[in-house]
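Mind the numbering: the sequence shown is residues 6 to 325 in my numbering, read in order. Ideal placement from N, C-alpha and C gives every residue a C-beta, glycine not left out. Here's the structure we're looking at; comments come further down.
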Amino acid sequence: MRNSITLRHLRAFVAIAERGGYTAAAQFLNISQSALSRTIVEIEEELDTRLFERTTRRVVVTASGEQLLMNARRVLEEFDSALSRFQLYHSGLNGVVSLAALSSVASIVLPTVISEFRKARPNVRISVKDGFAEEVVNYVSNGQVDFGITSFPKAKGRLVCERIVADRLICICSKSHRFVNMETVSWNDLAGEDFVAFDPLSSIRSCVDRALQIAEIQLGTVTEVRDVGAVAGLVSADLGVSAVPSLVLPMMQFCEFAEKELVDPVVEREIYLIHDPQTPMPPAAGILMEMLRQGGMQGFGIPTGVRWLDKLQPGPTKKK
């Protein structure tokens with residue numbers, strides 16, 4: 006049997022029960038007494054029972070009405086609570102934001118941005134996965150995260166990418182290396198040098214390899230490592246020089262080494278926001294993305310050699 010009782014009916018019933026009469030309830034609900042009376046008649050006809058006994062001074066809830074009142078209050082409280090939670094979610098004030106980022110971005114850029122985000126949205130839970138550039142792309146493509154921050158290696162499917170940061174490559178060497186006495190180091194100066202390289206999966210490796218290829222540079226012995234700390238340790242021990250983005254330098258400060266500007270040409274690693282436009286995104290995630298888009302305008306500090314690109318340029322897209 007179809008039940009035609011609605012939240013409107015329940016609110017009217019509870020208002021009368023709690024205020025002891027139709028006049029006060031009608032004023033509270035901002036409706037006429039006649040409309041309120043019709044609403045109660047509809048409930049009583051639907052339930053085939055009287056809900057109120059009317060006396061000369063006040064309205065008294067019947068035994069059946071007391072049973073309905075208990076359940077009506079619970080239903081309204083649960084509905085109002087659920088609606089409030091939804092409104093907070095829709096406003097980006099609660100919920101979960103999941104993102105993936107390069108390790109250097111997760112360590113150096115995100116802490117300041119998330120700290121500012123949390124000031125206005127302390128109830129939003131944030132989950133960060135860090136990894137190599139291609140791993141970040143895969144997290145986004147597979148729908149495991151809301152968005153990613155990566156050095157875009159290749160356009161992939163329908164992903165949208167937006168440049169947000171330019172990260173200049175710097176030469177690092179041991180303090181006993183000949184480069185220490187040079188004001189700057191050119192890519193040609195790297196010819197024949199033993200070199201500490203990042204893992205082939207790293208966005209840093211891709212960026213460095215392209216620059217070496219363009220300059221037609223042949224290196225000496227190449228040592229490959231996966232971890233930023235390992236690069237710092239090997240360079241500090243004079244087992245090779247390296248080219249690293251400025252963004253990772255703060256992650257290497259436990260070791261002693263020299264830093265030199267890498268020129269002719271100046272090479273920058275570009276870092277992108279990426280997301281799948283066909284995957285629904287929580288409102289809070291959209292707000293955090295917008296903060297990252299406006300990083301420079303927001304005044305988020307980043308290391309020397311790194312710059313925000315607030316004026317977005319479209320990234321590469323894959324032709325269908």
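- The Cβ neighbour count for S181, taken over all protein chains shown within 10 Å, is under 16; the residue is labelled exposed.
- Shown here for H14: same chain residues with a beta carbon closer than 7 Å to its own, the five before and five after excluded, namely T44, E47 and I48 in chain order.
- For V66 and F91, the gap between their C-alpha atoms comes out near 33 Å.
- The alpha carbon of G25 has as its nearest neighbour, out of R59, S9, S39 and L12, the alpha carbon of R59.
- Ranked by Cα distance from A77, the first of E23, I169 and E261 is E23.
- A220 and R210 have their C-alpha atoms some 15 Å from each other.
- Secondary structure of T67 (DSSP, three-state): coil.
- Measuring C-alpha to C-alpha distances from D53 to each of L41, P282 and I10 identifies I10 as the nearest.
- Short of 6 Å from the beta carbon of L93, and not among the five residues preceding or following it, lie these beta carbons of its own chain, in chain order: N99.
- The DSSP-derived three-state label of E188 is coil.
- When DSSP states are grouped into helix, strand and coil, K124 belongs to the helix group.
- DSSP places A40 inside the alpha helix (DSSP H), whose first and last residues are Q38 to L52.
- Taking C-beta atoms as the reference points, L12 and A30 fail to come closer than 8 Å.
- When the beta-carbon positions are compared, R274 and S156 come within less than 8 Å of each other.
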